[in-house]
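Peer 1:
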Amino acid sequence: MPPCLDVYVWVRTTDRPSVLATFIDHYVDSENPGDPRLDSLVRALVDERPTTDDLEALADLHRDPDASPAFSVYLRARTHYGAVVTLTEEGDLVLGLSLDDPLDDPDVAVRGAELIVELRNEFQAVAGLAGVELPPPQSASEWRDEVQVMLRDGEPP
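Just add 78 to wherever you are in the sequence shown, counting from 1, and you've got the numbering used here.
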């Protein structure tokens with residue numbers, strides 16, 4: 079797997095369903111999402127009508143089911159290398175897109191910085207960050223502590 083520059087924005091909103099629906103509509107390959115749990119995610123967080131099976135499918139994504147309700151879903155993107163939706167411990171969203179960078183091209187870092195600004199504007203995100211092969215932060219403390227971060231924009235949550 080080639081290295082990727084992962085770009086994330088932290089979204090704190092009172093309208094999580096709308097924000098998530100917009101991100102999925104604009105960036106996720108819904109026809110071929112790469113993870114069948116996209117449907118569970120949509121029913122649970124967009125439609126707000128999850129089934130028991132949906133909740134169980136999403137619970138499988140928790141890093142530590144006993145400690146945190148946070149989870150991340152890795153999906154195929156329409157035009158980017160990948161898309162990630164994270165529900166944080168705080169109940170906020172971390173939305174991510176990956177840029178393919180097999181040659182460590184400096185232009186990819188420039189594009190990553192631009193993408194942070196674009197996503198922050200589109201989703202009124204409070205902050206953005208990017209790094210190579212960066213896992214999605216699932217809490218405010220992870221957001222602040224990421225040592226692999228190359229780019230930061232905005233105030234952390």
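We put the CB at the ideal spot given by N, CA and C, even for glycine.
#1: Which term fits S118, buried or exposed, when burial requires 16 or more other beta carbons within 10 angstroms of its beta carbon?
#2: Could you check the C-alpha separation between P114 and P235 for me, to the nearest Å?
#3: Using a Cβ-Cβ cutoff of less than 7 Å, which residues in the same chain neighbour M79 once the five nearest sequence positions on both sides are dropped?
#4: Can you tell me the Cα-Cα spacing of G112 and E233, whole angstroms?
#5: Return the bridge partner residues of H140 from the DSSP annotation.
#6: Could you check the C-alpha separation between D131 and S150 for me, to the nearest Å?
#7: Check whether the Cβ atoms of L241 and V163 lie closer than 8 Å to each other.
#8: Could you say if the region 196-204 and the region 152-159 meet the contact criterion of at least three C-beta pairs nearer than 8 Å?
#9: Do you know whose CA, among G174, P184 and A137, lies nearest V195's CA?
#10: I need the straight-line Cα distance from F101 to D182, nearest angstrom please.
#11: When DSSP labels each residue in this structure, what does V124 get in the three-state scheme?
#12: Cβ atoms of L98 and L133: under 8 Å apart, would you say?
#13: How long is the line joining the alpha carbons of A137 and P147, rounded to whole angstroms?
Peer 2: Checking against the coordinates, here is how it stands:
#1: buried
#2: Distance between the alpha carbons of P114 and P235: 30 Å.
#3: Summary for M79: the model assigns pLDDT 49, below 50, so the residue's position carries little reliability; its value from the coordinates is reported in the next sentence. Cβ within range, chain order: n/a, list empty.
#4: 32 Å
#5: The partner list for H140 (beta bridge, DSSP) reads F149.
#6: 17 Å
#7: Summary: the structure shown does not reach residue 241, with the chain confined to residues 79 through 235, and so no result is reported for it.
#8: Taking 8 Å as the limit for Cβ pairs, the verdict is that the region 152-159 does not touch the region 196-204.
#9: G174
#10: If you draw a straight line from the Cα of F101 to the Cα of D182, it comes to about 27 Å.
#11: helix
#12: no
#13: 8 Å
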